[in-house]
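The structure appears below as structure tokens.
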Amino acid sequence: AASPSRSGAFDAAVDRRVERFTESISFDHRLYRQDIAGSIAHAQMLADQDILTAEECQQIIAGLTEIKSQLDEGSFPLRPELEDIHMNIEQALIDKLGDVGRKLHTGRSRNDQVSTDMRLWVRDAIDRIDAALKDLQSAFLCRCELDAEVILPAYTHLQRAQPVVAPHYWLAYIEKFQRDRDRLADCRKRVNLCSLGTAALAGTTLNIDRDNSARRLGFEGVVENSIDSSSDRDYLLETCFCLSTIGIHLSGWAEEWILWSTVEFDFISLPHEFCTGSSIMPQKINPDVLELTRGKSARVIGSLQTLLVLTKGLPLAYNRDLQEDKRPFFEAIDTIEGCLEVAAPLVAGARLKRESIESRLERGFLDATTLMEFLIKRGTPQRKAHHLIGGLVKLATEKTVTLSQLAVEDFQSFDASLDESVYSVLGVANAVAAFQSYGSTAPTRVEAQVQRWKTRLKPV
Ligand code: ARG
């Protein structure tokens, strides 16, 4: 049978090569559930509007339900000559029902159908990714309890900077992934609008009720302008941007833990279920999962780039270029879901190497800034204190000692008014305890944040 999209206007069958070149069934078959749900809602709306009889609507629903079971169990033959999943399903319905099946496409075009299916699919994907992000946040939150007593060096320029309590690190990732969730939630509002009934580009002369089908599909509302929606893919662009920031956050975390798992850092041991070996070097326990997380983020960013270039410079309204949006978009979703699936258990299963961390914690003058602020509190102007502590760091470096190992006289050689009280902020434990400001690593502040996140991430 010729494709239902090939009307009586053609005087030749399509070239085989064109069929292969233009098909999208090989990737848009993933939309079948959404396509069938969309068609059922459309048929019900048509019946409510007396465009179909109740009997015709029932036949269509029954037919589509059968087709769905066949697709679910993999027994539905996908025919590339029918181009896409939408035509495959419609043709199967026509084969079952004859003229009744030929009525389903009333008041709709594949343009609004494709975009509605995609919106439904994206909405589900956003909800799955949100749940996976929440799991990852929860894994970091569990670590906060586990590592409550651990102090870690924190870095700028990958040089030792100031000491922090370990949960402060984990909360940093929880915040990043929360912003990713918030971005997705905001983007979901624009995804969750129904384009069904905007038809090809101009709407339809038939008396359809777009709110009816939108409501049946759980959409928040309908898109306003048919020309806009026929051409619009920015709901995919922004979703893919959200996926890219998730990818970037995962990649930065992966890079950090790859470093931390080296002999040189020796901060963390990764769960062996999440490590791989070497075919030649027997001692190797490699962080491939983290490396692939870092690597796979490239594909997500690549997908965003593809979508941006794909949609730039398209005149209104629908253009066939838009068929090319699906592969990069699906790939971005699959990649992020894949990364998140392994990230949460890896976070939960890792162990901080406390002794190794502690044994080198006093190196790198992590307490220097705290000492500077101690002087500021006693009235020394900041620039003066900054310069003075620099001199003390230089002296300690020459003597190969820590600041806390300098003698009172050493401090007094820089500022005669200094006394034994300097030692109260020296050493990493004292330095951490001295923090105060909101959002800082002050242990009580961090503890309050942990409690806040516990309430926030509580399973509902
Ligand atoms: N298979 C196409 C897609 O996925 C459907 C195109 C329908 N519209 C058209 N004017 N050919 O985008």
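If you're matching positions, the sequence shown starts at 12 in the UniProt record's numbering and goes up one per residue.
Positions of the beta carbon are idealized from the N, C-alpha and C atoms, including for glycine.
Model, not experiment: these values are computed from the prediction.
Three-pair Cβ contact test at 8 angstroms for the segment 73-88 versus the segment 118-135
The segment 73-88 and the segment 118-135 do not touch, with fewer than 3 CB-CB distances between them shorter than 8 angstroms.
Answer yes or no: the CB of GLN102 versus the heavy atoms of the ligand ARG, is any distance below 7 angstroms?
Locating residue 102 in the sequence shown gives position 91, where the first residue counts as 1. Incorrect: GLN102 has no Cβ contact closer than 7 angstroms to the ligand ARG.
Under DSSP, the beta strand (DSSP E) around TYR246 begins and ends at which residues?
In the sequence shown, the residue the question calls residue 246 occupies position 235. That residue, TYR246, is in no beta strand (DSSP E); its alpha helix (DSSP H) goes 245-271.
Taking the alpha carbon of SER126 as the point to measure from, which residue in ALA453, GLN462, ARG331, GLU369 has its own alpha carbon closest?
Residue numbering aside, residue 126 sits at position 115 when the sequence shown is read from its first letter. Out of ALA453, GLN462, ARG331, GLU369, the CA that lies nearest to the CA of SER126 is found in ARG331.
Exercise answer, beta-carbon shell around the ligand ARG heavy atoms below 5 angstroms:
Here the residues come out as SER35, ASP95, ARG121, VAL125, GLN334.
Among the candidates ARG374, SER280, VAL433, LEU247, whose CA atom is the shortest distance from the CA of LYS388?
Taking the first residue of the sequence shown as position 1, residue 388 is located at position 377. Distances from the CA of LYS388 to each of ARG374, SER280, VAL433, LEU247 were compared; the closest alpha carbon is that of VAL433.
Taking DSSP as the reference, what is the three-state secondary structure of GLN447?
In the sequence shown, counting from the first residue as 1, residue 447 sits at position 436. Judged by DSSP in its simplified three-state form, GLN447 adopts coil rather than helix or strand.
Taking the DSSP output, what are the residues bridged to CYS205?
Start at 1 with the first residue of the sequence shown, and residue 205 comes out as number 194. For CYS205, which the question treats as bridged, DSSP gives the partners VAL233.
Taking C-alpha atoms, which residue in LEU333, ASN218, ARG226, VAL443 lies nearest to ASP61?
As a position in the sequence shown, residue 61 is number 50, starting the count at 1. Of the listed residues, the one whose Cα sits closest to ASP61 is ASN218.
Cβ atoms of VAL443 and VAL176: under 8 angstroms apart, would you say?
Here the question's residue 176 lines up with position 165 in the sequence shown. Here the question's residue 443 lines up with position 432 in the sequence shown. Against a cut-off of 8 angstroms, the Cβ pair of VAL443 and VAL176 comes out as a contact.
Might you give, ordered along the chain, the residues of its own chain that have their beta carbon closer than 6 angstroms to the beta carbon of LEU437, omitting 5 neighbours on each side?
Taking the first residue of the sequence shown as 1, we reach residue 437 at position 426. Sequence-distant Cβ neighbours of LEU437 in its own chain, meaning closer than 6 angstroms and more than five residues away, are ASP378, LEU414, SER415.
ALA165 by DSSP, collapsed to three states: which one?
Here residue 165 is taken as the residue at index 154 of the sequence shown, counted from 1. In the structure shown, ALA165 sits in a strand (DSSP, three-state: E or B).
Measure the C-alpha to C-alpha separation of GLY263 and ARG463 and round it to an integer number of angstroms.
For the purposes of this step, residue 263 is taken as the residue at position 252 of the sequence shown. For the purposes of this step, residue 463 is taken as the residue at position 452 of the sequence shown. Straight across, the Cα-Cα distance linking GLY263 with ARG463 is about 25 angstroms.
Contact check, CYS198 vs GLU275, beta carbons under 8 angstroms:
Taking the first residue of the sequence shown as 1, we reach residue 198 at position 187. Taking the first residue of the sequence shown as 1, we reach residue 275 at position 264. At a Cβ-Cβ threshold of 8 angstroms, CYS198 and GLU275 do not count as neighbours.
For TYR449 and TYR180, I'd like the C-alpha separation in whole angstroms.
Counting from one through the sequence shown, the residue named residue 449 turns up at place 438. Counting from one through the sequence shown, the residue named residue 180 turns up at place 169. Put simply, the backbone Cα of TYR449 is about 15 angstroms away from that of TYR180.
Top-ranked residue by Cα proximity to GLN316, from ARG338, GLU302, ALA328, LYS295
The count along the sequence shown starts at 1 and reaches residue 316 at position 305. Nearest of ARG338, GLU302, ALA328, LYS295 to GLN316, Cα basis: ARG338.
Hey, ILE257 and ILE347: beta-carbon distance below 8 angstroms or not?
For the purposes of this step, residue 257 is taken as the residue at position 246 of the sequence shown. For the purposes of this step, residue 347 is taken as the residue at position 336 of the sequence shown. Closer than 8 angstroms, so yes.
In chain order, which beta strand (DSSP E) runs of at least 3 residues are fully inside the segment 308-350?
Runs found: none.
Length of the line joining the Cα atoms of TRP132 and ASP336:
Walking along the sequence shown from the start, residue 132 turns up at place 121. Walking along the sequence shown from the start, residue 336 turns up at place 325. Roughly 13 angstroms separates the two Cα atoms.
What is the DSSP secondary structure of THR287, counted as helix, strand or coil?
For the purposes of this step, residue 287 is taken as residue 276 along the sequence shown, with counting starting at 1. In this structure, THR287 counts as strand in the three-state DSSP scheme.
Quick one: which unbroken alpha helix (DSSP H) runs of 4-plus residues sit fully inside the segment 369-421? Chain order, please.
If only uninterrupted alpha helix (DSSP H) runs of at least 4 residues are considered, those enclosed by the segment 369-421 are 379-388, 393-410.
Would you mind stating whether THR216 and SER237 have Cβ atoms separated by less than 8 angstroms?
Taking the first residue of the sequence shown as 1, we reach residue 216 at position 205. Taking the first residue of the sequence shown as 1, we reach residue 237 at position 226. THR216 is not a Cβ neighbour of SER237, given a cutoff of 8 angstroms.
Once the 5 residues before and after LEU137 are set aside, which same chain residues still bring their CB inside 6 angstroms of it?
Taking the sequence shown and counting its residues from 1, one reaches residue 137 at position 126. Residue identity differs from the one stated: residue 137 is Ile in this sequence, not Leu. Spatial neighbours of ILE137 in its own chain (CB-CB distance under 6 angstroms, excluding positions within 5 residues in sequence) are listed in chain order as LEU195, ARG199.
Distance, Cα to Cα, LEU301 vs LEU281?
As a position in the sequence shown, residue 301 is number 290, starting the count at 1. As a position in the sequence shown, residue 281 is number 270, starting the count at 1. Using only the alpha carbons, I get a separation of about 10 angstroms.
May I ask which residues mark the beginning and end of the alpha helix (DSSP H) holding GLN60?
Within the sequence shown, the letter at position 49 stands for residue 60. First-last for GLN60: undefined, no H or E at that position.
Thinking LEU318 and PHE341 are a contact (beta carbons under 8 angstroms), I'd like their distance in whole angstroms, please.
As a first step, residue 318 is located in the sequence shown; it is residue number 307 there, counting from the start. As a first step, residue 341 is located in the sequence shown; it is residue number 330 there, counting from the start. Taking 8 angstroms as the upper bound for CB-CB distance, LEU318 and PHE341 are not in contact here, some 12 angstroms apart.
Exposed or buried, GLU156, counting other C-beta atoms within 10 Å across all chains shown (16 or more means buried)?
Indexing the sequence shown from 1 puts residue 156 at position 145. Classification for GLU156: exposed.
Taking 8 angstroms as the CB-CB limit, is LEU261 close to chain B?
The structure shown contains no chain B; it holds only a single protein chain.
Determine the burial state of MET98: buried for a count of at least 16 other Cβ atoms within 10 Å of its Cβ, exposed for fewer.
Stepping through the sequence shown from its first residue, residue 98 is reached at position 87. Counting Cβ neighbours within 10 Å, MET98 comes out buried, since at least 16 surround it.
Where does VAL274 sit, in a helix, a strand or coil, going by DSSP?
Position 263 of the sequence shown, counting from 1, holds the residue named residue 274. Coil.
Write down the C-beta distance between LEU75 and SER50 rounded to the nearest angstrom, noting that I regard them as a contact closer than 8 angstroms.
Sequence index remark: in the sequence shown, residue 75 carries index 64 (1-based). Sequence index remark: in the sequence shown, residue 50 carries index 39 (1-based). LEU75 to SER50, Cβ: 6 angstroms. Contact.
Inter-stretch contact (C-beta, 8 angstroms, three-pair minimum) for the segment 101-112 and the segment 221-237:
Verdict: no, contact absent.
For SER18, name the three-state secondary structure that DSSP assigns.
Here residue 18 corresponds to residue number 7 of the sequence shown, with the count starting at 1. Secondary structure of SER18 (DSSP, three-state): coil.
With distance defined between alpha-carbon atoms, name the residue in ASP426, THR408, THR304 nearest to THR391.
Locating residue 391 in the sequence shown gives position 380, where the first residue counts as 1. Per the Cα distances, ASP426.
Can you give the beta carbon distance from ALA359 to ALA150, rounded, assuming they're within the 8 angstroms contact cut?
The residue given as residue 359 occupies position 348 in the sequence shown. The residue given as residue 150 occupies position 139 in the sequence shown. Taking C-beta atoms under 8 angstroms as the contact rule, ALA359 and ALA150 qualify, at a distance of about 4 angstroms.
Quick check: the Cα distance between TYR43 and LYS364, rounded to an integer number of angstroms?
Here the question's residue 43 lines up with position 32 in the sequence shown. Here the question's residue 364 lines up with position 353 in the sequence shown. TYR43 and LYS364 have their alpha carbons spaced roughly 49 angstroms apart.
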